[in-house]
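Residue numbers (our numbering): 1 to 505. Even for Gly, the Cβ is constructed at its ideal location relative to N, Cα and C. Remember, predicted model here, so these are calculated numbers, not experimental data.
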Ligand code: MN
């Protein structure tokens, strides 16, 4: 394990960047020197792998350093003050964010996965925190077989239902696929085996033909004066195929198990290539998709078409520029690597919450303001702006847009039941609101409330991530005072009804 291996993966790092990563490398190595993984390997290996995967995303040195250091406070018991003194407030902030996310656990209530995903985003406060956490999780998944079996399933489910979808929404498709495929093998081992077999059988028969077709494409492009291009092909992810088979039932109707990619310098080259391919091979009707003019809500851009190759096979071709390719693989991380900062002009007000997650705000680390004004670096990746405008949406994406539009985080808090179910409430809600949100019977018999294991008064304001426990007593009942405490209409209605009944007696 040499720091050089990380540095060579970084995208032309500055002198300061190299120094910072080297310092973090040495600090973490020393801090974890007596510390082992379940596999018996040195714990530092985990930080080393995390840092390498962050560097592969072309992300900045600060984030890579935070990746190296992300367990020094929690697991190696280095003081916050020491870390702040050595590495500054920004890196400490990222480390603590990652630690906080680690405390949110998925406990298998599927109806709450969406809330938990939102809670992750809300808790992270900075998109870099989520990226570090996702990459951290990737290495933990790669080494999951060493973890005690009774923990494996929970971790794998959490990865499948929370982490992988988050990676997808951030446009980080490669990470999404890697997380999904490993998690899938633990959560649904039988389906996993079956799908791998289907995939192997299909690829085995098709790969040779595909390579031949790829050569024909190269020849055709060259003949038509396209010189500067790259091609390759990819095999569909295992979980993604499993889901598609679930929807489309038959493997012969899935045409993108193998997909060819053509990468050219400019957008107009992309359309040119599409024209050349359609001039030579018959496209499958209804399968021509222009995600360049109409990007997917998670930012994905490309031209897709599906062609009859002439030798009885049907193949999907994806055409894009290098920049689009980077974005398609790395998503939001590709934008964080832009040295000059974010591109873009004006912000869709519905999307200000995403702004709050972007790191271009050195001010907050000076302890000043946490509020984003429109003047405050009007810089946001273009595709995020497009989130609010996209016209062509499938169902899942429609929900996503709806959630974005409601400016969710500005108005909601997410708290837990002692069992780990997420309850989502309006801001400034009290334990009374929580009780009614769980069940009206509980609301109607609140006797006392505990937040994070401490008894609190019933008008206590709840905060993101609080664990709330209600103590009920059979003869406790709502009082008039509760009406002033309750925030939700549901709680108020129940309280009024119950008080009304009492006064009628
Ligand atoms: Mn870790």
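**OP:** Count the CB pairs spanning the segment 222 to 240 and the segment 286 to 296 that are closer than 8 angstroms, and state whether there are at least three.
**Re:** In short, these stretches do not touch, since the Cβ pair count stays below three.
Original post:
Just the Cα atoms here: how many angstroms apart are residue 341 and residue 60?
Top reply: With a pLDDT of 35 at residue 341, under the threshold of 50, the modelled position of this residue cannot be trusted, and the question is left open.
**OP:** Assess, as a yes-or-no matter, whether the segment 428 to 436 is touched by the segment 485 to 499 under the definition of 3 or more beta carbon pairs within less than 8 angstroms.
**Re:** Because the criterion of three Cβ pairs below 8 angstroms is met, the segment 485 to 499 and the segment 428 to 436 touch.
Original post:
Identify the residues that DSSP records as bridge partners of residue 300: which are they?
Top reply: Note: residue 300 is not bridge-paired with any residue in the DSSP secondary-structure output.
Subject >> Which of helix, strand or coil DSSP assigns to residue 539 >> reply: For residue 539 there is no data in the structure shown, the boundaries of the chain being 1 and 505.
Subject >> Cβ neighbour criterion (16 or more within 10 Å) applied to residue 258 >> reply: Residue 258 should be labelled buried.
Original post:
Taking a cut-off of 6 angstroms, which residues have a beta-carbon closer than that to any heavy atom of the ligand MN, in chain order?
Top reply: That query returns the following residues: 46, 70, 71, 136.
Subject >> Which of helix, strand or coil DSSP assigns to residue 431 >> reply: The answer is helix: DSSP assigns residue 431 an H, G or I state.
Subject >> Whole-Å CB distance - residue 80 paired with residue 31, under 8 angstroms assumed >> reply: At roughly 13 angstroms, the Cβ-Cβ gap does not stay under 8 angstroms, so residue 80 and residue 31 are not in contact.
**OP:** Between the Cα of residue 72 and those of 55, 57, 56, 48, spot the shortest distance and give me the residue it belongs to.
**Re:** 48 is the residue among 55, 57, 56, 48 whose C-alpha sits nearest the C-alpha of residue 72.
Original post:
Can you give the Cα-Cα distance for residue 10 and residue 97, rounded to whole angstroms?
Top reply: Rounded to the nearest angstrom, the two C-alpha atoms are 23 angstroms apart.
Original post:
Between 193, 197, 129, 475, which lies nearest to residue 92 when the distance is taken from Cα to Cα?
Top reply: Nearest option by C-alpha distance: 129.
Original post:
Can you tell me where the alpha helix (DSSP H) with residue 23 in it begins and where it stops?
Top reply: Where residue 23 is concerned, the enclosing alpha helix (DSSP H) stretches over 15 to 31.
Original post:
Who pairs with residue 164 in a beta bridge, going by DSSP?
Top reply: Assignment of beta-bridge partners to residue 164 by DSSP yields no partner.
**OP:** Check each candidate in 176, 262, 205, 105 and name the one with the smallest Cα separation from residue 218.
**Re:** Per the Cα distances, 262.
Original post:
Should residue 26 be listed as close to the ligand ZN, given that the test is whether its C-beta is under 8 angstroms from any heavy atom?
Top reply: Annotation note on the ligand ZN: not contained in the displayed structure, which lists the ligand MN as its ligands.
Original post:
In this structure, what does DSSP give as the bridge partners for residue 424?
Top reply: Bridge pairing for residue 424: 414 [DSSP].
Subject >> Residue nearest to residue 154 in terms of C-alpha spacing, selected from 318, 140, 64 >> reply: Nearest of 318, 140, 64 to residue 154, Cα basis: 140.
Original post:
For residue 321, does the three-state DSSP call read helix, strand or coil?
Top reply: Three-state result, residue 321: strand.
Subject >> Where the alpha helix (DSSP H) containing residue 62 begins and where it ends >> reply: From DSSP, the alpha helix (DSSP H) with residue 62 extends over 61 to 69.
Subject >> Distance, residue 328 Cα to residue 1 Cα >> reply: The straight-line gap separating the alpha-carbon atoms of residue 1 and residue 328 is approximately 30 angstroms.
Original post:
Three or more beta-carbon pairs under 8 angstroms between the segment 468 to 475 and the segment 440 to 454, yes or no?
Top reply: Output reads yes: the segment 440 to 454 touches the segment 468 to 475.
Original post:
Roughly how many angstroms lie between the CA atoms of residue 63 and residue 41, to the nearest whole one?
Top reply: Rounded to whole angstroms, residue 63 to residue 41 spans 24 angstroms at the Cα level.
**OP:** Return yes when the Cβ of residue 87 is within less than 9 angstroms of the Cβ of residue 27, no when it is not.
**Re:** Inclusion of residue 27 and residue 87 in the CB contact set at 9 angstroms is warranted, their separation being smaller than that value.
Original post:
Using CA coordinates, which residue listed in 288, 105, 180 is at the minimum distance from residue 135?
Top reply: Nearest option by C-alpha distance: 180.
Subject >> CB contact flag (residue 307, residue 283, <9 angstroms) >> reply: Yes, Cβ-Cβ distance for residue 307 and residue 283 is below 9 angstroms.
Original post:
Thinking C-beta only, is residue 170 closer than 9 angstroms to residue 331?
Top reply: In this structure, residue 170 lies closer than 9 angstroms to residue 331 by Cβ.
Original post:
Secondary structure at residue 232, three-state DSSP: helix, strand or coil?
Top reply: Note: residue 232 maps to strand in three-state DSSP.
Original post:
Tell me which same chain residues have a C-beta within less than 6 angstroms of the C-beta of residue 361, skipping the five on either side of it?
Top reply: Any reading at residue 361 needs caution, since the residue's pLDDT is 34, under 50, leaving its predicted position unreliable; the model's value is listed next. The beta carbon of residue 361 is closer than 6 angstroms to none in its chain, skipping five residues each way along the sequence.
Original post:
Looking at the unbroken alpha helix (DSSP H) that takes in residue 81, where does it start and where does it end?
Top reply: Residue 81 -> alpha helix (DSSP H) spans 80 to 87.
Subject >> As assigned by DSSP and simplified to three states, the class of residue 147 >> reply: When secondary structure is reduced to three states using DSSP, residue 147 falls in the coil class, being assigned neither helix nor strand.
**OP:** Could you tell me if residue 161 is buried or exposed, where buried requires 16 or more neighbouring beta carbons within 10 angstroms of its beta carbon?
**Re:** By the neighbour-count criterion, in which a residue is buried when 16 or more other Cβ atoms sit within 10 angstroms of its Cβ, residue 161 is buried.
**OP:** Would you kindly work out how many angstroms separate the C-alpha atoms of residue 454 and residue 434, rounded to a whole number?
**Re:** When the Cα atoms are used, residue 454 and residue 434 turn out to be separated by approximately 16 angstroms.
Subject >> Straight-line Cα distance separating residue 313 from residue 393 >> reply: With a pLDDT of only 37 at residue 393, under the threshold of 50, the placement of this residue in the model should not be trusted; the figure read from the coordinates follows. In a straight line, the C-alpha of residue 393 is about 29 angstroms away from that of residue 313.
Original post:
Going by DSSP, which residues form a beta bridge with residue 496?
Top reply: Beta-bridge pairing links residue 496 to no other residue.
**OP:** Just the C-alpha distance for residue 243 and residue 174, rounded to the nearest angstrom, thanks.
**Re:** Rounded to whole angstroms, the separation of the alpha carbons of residue 174 and residue 243 is 17 angstroms.
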